[in-house]
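Report on the following structure.
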Amino acid sequence: MISIDIEKKLKVYQGQRLLKIAAEFPTGSIIKIHGPSGAGKTTFLKIIAGFIQPENGKIVADKVTWLDTSAKIILAPQKRKAGFVFQDYALFPNMTVQQHLEYATKDGAWIKRLLAIGKLETLITHKPEHLSGGQQQRLAILRALAIKPKLLLMDEPFSALDADMKTGLINDLRSFFKDQGTTVLIVSHNQQELEDLADRELIIDTNFHE
Amino acid sequence: MDLTPIWLTLKLAGITTVLLLIIGLPVAWWLSKGRSFIKVILEAIITMPLVLPPSVLGFYLLLAFSPEHGVGKWLQQAFNIQFVFSFQGLALASVIYSMPFMMGPIKSALQQLPVSLSQASYSLGKSKWQTFTKVLVPNIKPSLLTAIVLTFAHTLGEFGVVLMIGGNIPGVTRVASIAVYDSVEQMDYSTANAYSLILFSITFILVISVFIFNKYRLKSPLE
């Protein structure tokens, strides 16, 4: 179970707006997050991961307090180890596909399985600049999965994939999430995209309530 | 022709570059992250040698490290270290004088890296140091090379600061740029020409190497 109750002031064109979200997600649930551009979806994920600090809030994951502003508890992102798939992929230009996964885990068998899931086995010596957009996006997903996270945060993770690749990957991810009991929060613009995968929904709109 | 000034210059440039690399990387990293009043002040101090006349900097270093008073006196008495008219003094002055040439390209390159690279590394459980050494530094290689070469080449050509704090002691502080000046003063133009030609050639080879290396990265070596 992850429980989140945060408040963060967002800078917008007119001045400031308050991003206020209170929600609880059972372990193993898959939550689709959607809302208009600029509503604060990415900020919300980054607050959970520990990259951005809210003004007020509390985040408790599996009985471990990650954040409690009133008690001045801020767990570093390294300790939270929430898998994160970035919208811009955030791949390391100096590393090959294989090196990306080796940087995340030393488990060779797991790396092999991940490469098979992402269909990147033949591209292990390629650096990101020599991968297509879809291949880069798959690598970003595999890198986040490499640490076998208990919580996975995905920001528009399937936007660059073609329909066949997306269907295959989502099927593989579904069984992976079930095996690992991973709680997954997925930001997506495409509401239909995750209908088969997600079992819950969180709407972040510009009025900022669940 | 006495080659000692050339060797001394190369030694000074090498030591200065290594010291500045050790100091510059972590300081530039710290400066590249966010802004604060302290950082603004420190950046201004680091940038000062770019615009300050070298003789002014040399003059204040001469005063600061004079064994007659202040820090210089304390260093002399406590550690028997003398910075004025010594090679150590030249190295210290060069480190201060060449600092913006090392810091500038590194800081700028680190600032241009997307913040999501660090965040991705942290999310994998990697420490700040692991992130710095495995992700950030390898991805600023062209700028790092530019910083190293600019620092080395700039130290080769130092004159004002070196003359003020080091003087002109053969074999100790008489570097090539001073040897050129000395030779011209003595109307020995052929020796001045020989030293100048060597300095010119070394600098040209260094700079052209960076341009060739960075050409493949589609990046101006002076960025």
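Each protein sequence line maps, in turn, to chains A and B.
All residue numbers for the first sequence refer to our numbering, where the first residue is 1 and numbers rise by one.
All residue numbers for the second sequence refer to our numbering, where the first residue is 1001 and numbers rise by one.
In this text, a Cβ means the ideal position worked out from N, Cα and C, and glycines have one as well.
All values reported here derive from a predicted model rather than from experimental measurement.
Looking at residue j and residue i, is the spacing between their C-beta atoms short of 9 Å?
i: residue 1158 of chain B; j: residue 1055 of chain B; result: no
i: residue 152 of chain A; j: residue 50 of chain A; result: no
i: residue 1091 of chain B; j: residue 1019 of chain B; result: yes
i: residue 92 of chain A; j: residue 1052 of chain B; result: no
i: residue 1123 of chain B; j: residue 174 of chain A; result: no
i: residue 145 of chain A; j: residue 30 of chain A; result: no
i: residue 1203 of chain B; j: residue 1147 of chain B; result: no
i: residue 7 of chain A; j: residue 57 of chain A; result: yes
i: residue 1179 of chain B; j: residue 1195 of chain B; result: yes
i: residue 160 of chain A; j: residue 133 of chain A; result: yes
i: residue 1062 of chain B; j: residue 1164 of chain B; result: yes
i: residue 1101 of chain B; j: residue 1029 of chain B; result: no
i: residue 177 of chain A; j: residue 28 of chain A; result: yes
i: residue 1171 of chain B; j: residue 1058 of chain B; result: no
i: residue 1012 of chain B; j: residue 1087 of chain B; result: yes
i: residue 42 of chain A; j: residue 55 of chain A; result: no
i: residue 137 of chain A; j: residue 34 of chain A; result: no
i: residue 1135 of chain B; j: residue 94 of chain A; result: yes
i: residue 90 of chain A; j: residue 1192 of chain B; result: no
i: residue 198 of chain A; j: residue 32 of chain A; result: yes
i: residue 1049 of chain B; j: residue 1175 of chain B; result: no
i: residue 1032 of chain B; j: residue 1130 of chain B; result: no
i: residue 1177 of chain B; j: residue 1009 of chain B; result: yes
i: residue 1001 of chain B; j: residue 1046 of chain B; result: no
i: residue 105 of chain A; j: residue 147 of chain A; result: yes
i: residue 1089 of chain B; j: residue 1065 of chain B; result: yes
Out of the options, state which residue places its alpha-carbon closest to the alpha-carbon of residue i.
i: residue 1151 of chain B; options: B:1006, B:1021, B:1185, B:1029; result: B:1021
i: residue 60 of chain A; options: A:53, A:176, A:5; result: A:5
i: residue 1138 of chain B; options: A:96, A:116, A:176; result: A:96
i: residue 1023 of chain B; options: B:1088, B:1099, B:1012; result: B:1099
i: residue 103 of chain A; options: A:22, A:143, A:150, A:20; result: A:143
i: residue 206 of chain A; options: A:20, A:2, A:3; result: A:20
i: residue 46 of chain A; options: A:163, A:119, A:72, A:186; result: A:186
i: residue 1125 of chain B; options: A:2, A:203, A:78; result: A:78
i: residue 1210 of chain B; options: B:1083, B:1077, B:1177, B:1144; result: B:1144
i: residue 179 of chain A; options: A:169, A:48, A:201, A:150; result: A:150
Would you verify that the beta carbon of residue i is, or is not, closer than 9 Å to some beta carbon of chain B?
i: residue 113 of chain A; result: no
i: residue 46 of chain A; result: yes
i: residue 77 of chain A; result: yes
i: residue 144 of chain A; result: yes
i: residue 103 of chain A; result: yes
i: residue 94 of chain A; result: yes
i: residue 209 of chain A; result: In this prediction, residue 209 of chain A has a pLDDT of 43, which is less than 50 and means its spatial position is unreliable; what the coordinates show is noted afterwards. Not an interface residue.
i: residue 176 of chain A; result: no
If we cut at 9 Å on Cβ distances, does residue i have a partner in chain A?
i: residue 1119 of chain B; result: yes
i: residue 1139 of chain B; result: yes
i: residue 1135 of chain B; result: yes
i: residue 1223 of chain B; result: For residue 1223 of chain B, the predicted structure reports a pLDDT of 45, less than 50, and the residue's modelled location is therefore unreliable. A value from the coordinates is still provided. No, its Cβ sits nowhere closer than 9 Å to a Cβ of chain A.
i: residue 1220 of chain B; result: In this predicted model, residue 1220 of chain B has a pLDDT of only 47, less than 50, meaning its place in the structure is not dependable; the value taken from the coordinates is given anyway. No, residue 1220 of chain B does not count as interfacial toward chain A.
Looking only at DSSP bridge pairs, what is residue i linked to?
i: residue 200 of chain A; result: A:31
i: residue 3 of chain A; result: A:24, A:60
i: residue 107 of chain A; result: DSSP, once it has assigned bridges, lists no residue as partnering residue 107 of chain A.
i: residue 73 of chain A; result: A:68
i: residue 84 of chain A; result: A:153
i: residue 186 of chain A; result: A:32, A:154
i: residue 15 of chain A; result: A:12
For the segment 79 to 92 of chain A, enumerate the residues whose C-beta is nearer than 7 Å to any C-beta of chain B, in chain order.
81, 82, 83, 84, 86, 88, 90, 92
Listed from N- to C-terminal order along the chain, which residues in the segment 49 to 66 of chain A have their beta-carbon within a distance smaller than 8 Å of any beta-carbon of chain B?
Flagged, chain order: 49, 50, 51.
Short of 7 Å Cβ to Cβ, which residues in the segment 1105 to 1131 of chain B face chain A?
1114, 1116, 1117, 1119, 1120, 1122, 1123, 1124, 1125, 1126, 1127
Taking a cut of 9 Å between CB atoms, which residues from the segment 123 to 147 of chain A lie near chain B?
140, 143, 144, 146, 147
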